[in-house]
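These notes concern the structure reproduced below.
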Amino acid sequence: MSSTIHFRIDEETKRLAMQAAERQQMSLTELMRQRAEELAAEERRYQSSEHEGWLEERIVQAFRRHDAGEGEYISNDDMESRMNTLKQQAMRGKL
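Per my numbering, the very first residue in the sequence shown carries number 80; after that it's consecutive.
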């Protein structure tokens, strides 16, 4: 799915941007699309690194709880039963 972006810039900026696009043998639209895609890729990397930091902290916390003897240990069968219950609740929108 595509979307359209409209924005206003002054004439001098537009003229220089068009010259830069021509120098790269691209239209200004193509060049702006490319820059927008680069910005989106940069944002994806940023969000991914934030998630990795969050996940790493959760793992560290889990090991601290384990080392402190605060963990709850359950059997594999119990875990599967709990997960199936959670999945059913999620499918019904009750989670």
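Backbone N, C-alpha and C define an ideal beta-carbon position, used for all residues, glycine too.
Determine the contact status of Ala115 and Ile84, defining contact as a CB-CB distance below 9 Å.
A contact, by the Cβ cut-off of 9 Å.
What runs of the beta strand (DSSP E), each 3 residues or longer, lie entirely inside the region 131 to 164?
none
Is the beta carbon of Met105 less than 9 Å from the beta carbon of Gln113?
yes
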